[in-house]
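S.K.: Protein chains in written order, with the working numbering: chain H, 1156 to 1486; chain R, 679 to 846. Glycine residues also receive a C-beta, built at the ideal position from the N, C-alpha and C atoms. Sharing a structure with you now.
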Amino acid sequence: MKTIKASIIGFGSVGQGVARVLLRKKEELSSMGLDIVVVAVADSKTAVIAQEGVDLSMVLERKASEGVVGDTHITGHDIIRDIEHDLVIETTPTNIDTGGVGLQNMLTAFSKKRHVVTSNKGPLALKYRELAALAERYGCAFRFEATVGGAMPLLNLVRDTLAGNDVISIEGIFNGTCNYILTRMMEEHATYELMLAEAQELGIAEKDPAYDVEGIDAACKLVILANAIFGIDATYKDVHVTGISRITPEALMLAETDGYVIKLIGEVNKQRIQVAPRLVPMGHPLAVGGTLNVASLQTDLAGPVIVVGRGAGSIETASAIFSDIVSIYKK
Amino acid sequence: MRVSMDIELQDAPGQLVHALKPISEFRGNLVSVVHHHEKRTPRGTIPVQVVFETESLSITPLVTKLEALGVGVIRVNEEKYLERGTVVLIGHIVHTDLEDTIDTIDKTGYAEVVELHLSMPSINQSSSASFKLDAVGKKELRDAISLLRSIAQKKDLVLIEPIESEIL
């Protein structure tokens, strides 16, 4: 049995999802010869540390009832720096302007020779090269399947299952919120403002929806794909972005008459990285509805490969993180 | 353009090659040849349907040449545009000189706006329009769409293009 000491830094929806999945899949991990001991959990205010292993059920309960994980006032960054462990599960919120605490957490983790698995897009969309180089220098694994398309397998699909294929282009829907709003506008012949309000009420869109509806979230994901799959040294600023806030119900109806739906499509290849509303023929594999994400990969050997999945959600995103952890240690 | 042609040949050996040679000399790229040997016309000739693509703008010289060689040309059908694409525009489409937008495409000589559906819900709101474009080939269709892209940028319109795999 291999014992892995891990920390969960960031205990919002995704961090809690990871804790639940680790509890739920303990036996599966044992059968793979892995024992993951979480030695520290930190949220934005508090932390809990226990070298013999934190009781994740209790931490989840306390977070739910009191809104904190523990009594210790030590930051996630200090945990990464000072507490001896092997793996940092970095699930702090995305900050696209500076990279936020996530960036500092990752840099410090590598300099301390700790592996990093993350769902945080910001640091990768801004400093992919720097992070990847540092990880390599210190011999650390750096996995981030959860940053692109949530549960939808993409990075690991290309790296492992499609090994040997050159990916020529990737085109798809990388933001469930926009997909939901456009799908509902078409179904109800309703305005953007109305369907945004509905999405906010259902918790599908944030109170400040700009990050999703202006295409910023999708652009960050494309930057990660551009770097990780195409080897392009791109940052968020290199993406041409058009959001969905100017789409009218009339445009959707005109498109429908011609046999199309309108989707916010992200596209990445060697020539360009772009997010824009596009016409997708009805019945085309990219024309998925609701909050689903989808990606169509053009490859040189396998031809077109298409994956569809849930792009967000606590357990769904934790699923991607879990598979990254397993892929690091299961040799 | 794509040309489909009904011709009639004498029932003698070597007549088909005799008729196809001028088409290849005309730099026509043959798409299909259907030789109806079993169907004889009342004139005792054999009908053949030929389809080819050519970059020439007029096929009159070819028809003249075929007739001079004794090949009957019964029907000629020219299709200038082989590709069709749809785009959607949103914004102040009419007040940013719609005529100019259409003219820019029509003046290229390789593409035309062949259909336009416009929806103007009220004076202060954005209009929406779907444009159908015909173009002589795939490359020209892309070029026409990229022309529209620069017009849209200049006129602050949102251009919604088809996805890549739709044009490929």
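Would you check whether the ligand FAD has a heavy atom nearer than 8 Å to the C-beta of K1218(H)?
M.R.: With respect to the ligand FAD, the structure shown offers nothing to examine, as it has no ligands at all.
S.K.: Does E790(R) get closer than 9 Å to chain H when you measure Cβ to Cβ?
M.R.: Along the second sequence, read from residue 1 onward, the residue named residue 790(R) stands at position 112. False, the Cβ-Cβ gap to chain H never drops below 9 Å.
S.K.: Confirm, please, whether the CB-CB distance from F1166(H) to D1190(H) is below 9 Å.
M.R.: Start at 1 with the first residue of the first sequence, and residue 1190(H) comes out as number 35. Start at 1 with the first residue of the first sequence, and residue 1166(H) comes out as number 11. Not in contact: D1190(H) and F1166(H) (Cβ atoms no closer than 9 Å).
S.K.: At the 9 Å Cβ level, is T1403(H) part of the contact set with chain R, yes or no?
M.R.: Residue 1403(H) sits at position 248 when you count from the first residue of the first sequence. It does; some Cβ of chain R falls within 9 Å.
S.K.: Closest to G1421(H) by CA distance: which of I1402(H), G1398(H), G1438(H), H1439(H) is it?
M.R.: Locating residue 1421(H) in the first sequence gives position 266, counting from the first residue. The residue with the shortest Cα to Cα distance from G1421(H) is G1398(H).
S.K.: Cβ closer than 9 Å: which chain R residues qualify as neighbours of E1326(H)?
M.R.: To locate residue 1326(H), count along the first sequence from 1; it is residue 171. Under the 9 Å cutoff, chain R gives I841, E842, S843.
S.K.: Using the rule of at least 16 other Cβ atoms within 10 Å of the residue's Cβ for burial, across every protein chain shown, is A1301(H) buried or exposed?
M.R.: Along the first sequence, one-based indexing puts residue 1301(H) at 146. Buried, because 16 or more other Cβ atoms sit within 10 Å of the Cβ of A1301(H).
S.K.: Run down chain H in chain order and give the residues with a C-beta less than 7 Å from the C-beta of S806(R).
M.R.: The residue you call residue 806(R) lines up with position 128 of the second sequence. T1403, E1405, A1406, L1409, listed in chain order.
S.K.: Mind listing the chain H neighbours of S797(R)? Cutoff is C-beta to C-beta under 7 Å, in chain order.
M.R.: As a position in the second sequence, residue 797(R) is number 119, starting the count at 1. Correct list: E1405, L1409.
S.K.: Determine the burial state of E1342(H): buried for a count of at least 16 other Cβ atoms within 10 Å of its Cβ, exposed for fewer.
M.R.: Stepping through the first sequence from its first residue, residue 1342(H) is reached at position 187. When all chains shown are included, E1342(H) counts as exposed.
S.K.: Specify the secondary structure class of S808(R) as computed by DSSP and reduced to three states.
M.R.: Taking the second sequence and counting its residues from 1, one reaches residue 808(R) at position 130. Three-state DSSP puts S808(R) in a strand.
S.K.: How about the stretch 796 to 806 of chain R and the stretch 1448 to 1455 of chain H: do they share at least three Cβ pairs that are nearer than 8 Å?
M.R.: The stretch 796 to 806 of chain R, when compared against the stretch 1448 to 1455 of chain H, does not touch it at the 8 Å Cβ threshold.
S.K.: Could you have a look at S800(R) and say whether DSSP puts it in helix, strand or coil?
M.R.: As a working note, residue 800(R) is residue 122 in the second sequence. Coil at S800(R), not helix or strand.
S.K.: Comparing the C-beta of V772(R) with each C-beta of chain H, is any distance below 9 Å?
M.R.: Here residue 772(R) is taken as the residue at index 94 of the second sequence, counted from 1. Chain H contact via Cβ: absent.
S.K.: Check this for me: beta carbons of H1228(H) and A1195(H), under 9 Å apart or not?
M.R.: The residue given as residue 1228(H) occupies position 73 in the first sequence. The residue given as residue 1195(H) occupies position 40 in the first sequence. It is not a contact, given that the beta carbons lie outside the stated cut-off.
S.K.: Against chain H, does V695(R) count as a neighbour if the rule is that its beta carbon must be under 9 Å from one of theirs?
M.R.: Position 17 of the second sequence holds residue 695(R). Closer than 9 Å: no.
S.K.: Along chain H, which residues have their Cβ under 7 Å away from the Cβ of I801(R)?
M.R.: Here residue 801(R) corresponds to residue number 123 of the second sequence, with the count starting at 1. Result: empty, since nearest Cβ-Cβ is about 14 Å, beyond 7 Å.
S.K.: Is G1414(H) helix, strand or coil by DSSP?
M.R.: Counting from one through the first sequence, the residue named residue 1414(H) turns up at place 259. Of the three classes helix, strand and coil, the one that applies to G1414(H) here is coil, per DSSP.
S.K.: Going by CA-CA distance only, name the one from R762(R), Q688(R), K743(R) that's closest to V726(R).
M.R.: The residue you call residue 726(R) lines up with position 48 of the second sequence. Checking every option, the nearest Cα to that of V726(R) belongs to Q688(R).
S.K.: Where do the ends of the beta strand (DSSP E) carrying N1334(H) lie?
M.R.: By 1-based counting over the first sequence, the position of residue 1334(H) is 179. Premise fails: N1334(H) lies in the alpha helix (DSSP H), 1331 to 1343, not in any beta strand (DSSP E).
S.K.: For I838(R), decide whether its Cβ has a neighbour in chain H, counting only Cβ atoms nearer than 9 Å.
M.R.: Translated into positions along the second sequence, residue 838(R) becomes position 160. At least one chain H Cβ lies under 9 Å of I838(R).
S.K.: Can a CB atom of chain H be found closer than 9 Å to the CB of K817(R)?
M.R.: Along the second sequence, one-based indexing puts residue 817(R) at 139. No, because no Cβ of chain H sits closer than 9 Å to the Cβ of K817(R).
S.K.: For my contact list, M1261(H) and T1249(H) are in at a C-beta cut-off of 8 Å; report their separation, rounded to the angstrom.
M.R.: The residue labelled residue 1261(H) in the question sits at position 106 within the first sequence. The residue labelled residue 1249(H) in the question sits at position 94 within the first sequence. Their Cβ separation, rounded to whole angstroms, is 13 Å, which puts M1261(H) and T1249(H) out of contact at 8 Å.
S.K.: Consider the Cβ of P1436(H): report whether some Cβ of chain R lies at a distance smaller than 9 Å.
M.R.: Numbered from 1 along the first sequence, position 281 holds the residue referred to as residue 1436(H). So, interface residue.
S.K.: Work out the CA separation of I701(R) and V751(R) for me, nearest whole Å.
M.R.: If you number the second sequence from 1, residue 751(R) lands on position 73. If you number the second sequence from 1, residue 701(R) lands on position 23. Taking the straight line joining both Cα atoms gives about 13 Å.
S.K.: For A1345(H) and chain R, any beta-carbon pair shorter than 9 Å?
M.R.: For the purposes of this step, residue 1345(H) is identified with residue 190 of the first sequence, where counting begins at 1. No, A1345(H) lies away from the interface with chain R (no Cβ there is under 9 Å from its Cβ).
S.K.: Given that D1413(H) touches chain R, what residues does it touch there, using C-beta distances under 7 Å?
M.R.: Residue mapping note: residue 1413(H) aligns to position 258 of the first sequence, counting from 1. Those are T764, S808, listed as they occur along chain R.
S.K.: Which of the three DSSP states is assigned to G1257(H) in this structure?
M.R.: Locating residue 1257(H) in the first sequence gives position 102, where the first residue counts as 1. G1257(H) falls in the helix class under three-state DSSP.
S.K.: Closer than 7 Å by C-beta to H1439(H): which residues in its own chain qualify, once you throw out the five before and the five after it? Chain order, please.
M.R.: Against the first sequence, residue 1439(H) aligns to sequence position 284. Contacts found: none.
S.K.: Which runs of the beta strand (DSSP E) fall wholly inside the stretch 1274 to 1341 of chain H and span at least 3 residues, in chain order?
M.R.: Listed in chain order, they are 1322 to 1328.
S.K.: Any Cβ of chain R within less than 9 Å of the Cβ of P1459(H)?
M.R.: As a working mapping, residue 1459(H) is identified with position 304 in the first sequence. Answer yes: the Cβ-Cβ gap between P1459(H) and chain R drops below 9 Å somewhere.
S.K.: Closest Cβ-Cβ distance between I768(R) and chain H: below 9 Å?
M.R.: Here the question's residue 768(R) lines up with position 90 in the second sequence. With 9 Å as the cut-off, I768(R) counts as an interface residue toward chain H.
S.K.: Taking Cβ-Cβ distances shorter than 7 Å, what residues in chain R pair up with L1441(H)?
M.R.: As a first step, residue 1441(H) must be located in the first sequence, where it is residue number 286. By Cβ distance, chain R contributes I841.
S.K.: Please specify which runs of the alpha helix (DSSP H), each continuous and at least 4 residues long, are wholly inside the stretch 699 to 730 of chain R, giving them in chain order.
M.R.: None, since the stretch 699 to 730 of chain R contains no complete alpha helix (DSSP H) of that length.
S.K.: Would you kindly work out how many angstroms separate the C-alpha atoms of E1326(H) and L1310(H), rounded to a whole number?
M.R.: What you label residue 1326(H) is simply residue 171 of the first sequence in a count that begins at 1. What you label residue 1310(H) is simply residue 155 of the first sequence in a count that begins at 1. Whole-angstrom Cα-Cα distance: 14 Å.
S.K.: Going straight from the alpha carbon of H770(R) to that of F1265(H), what length do you get?
M.R.: On the second sequence, position 92 is the one that residue 770(R) refers to. On the first sequence, position 110 is the one that residue 1265(H) refers to. The alpha-carbon atoms of H770(R) and F1265(H) are separated by roughly 52 Å.
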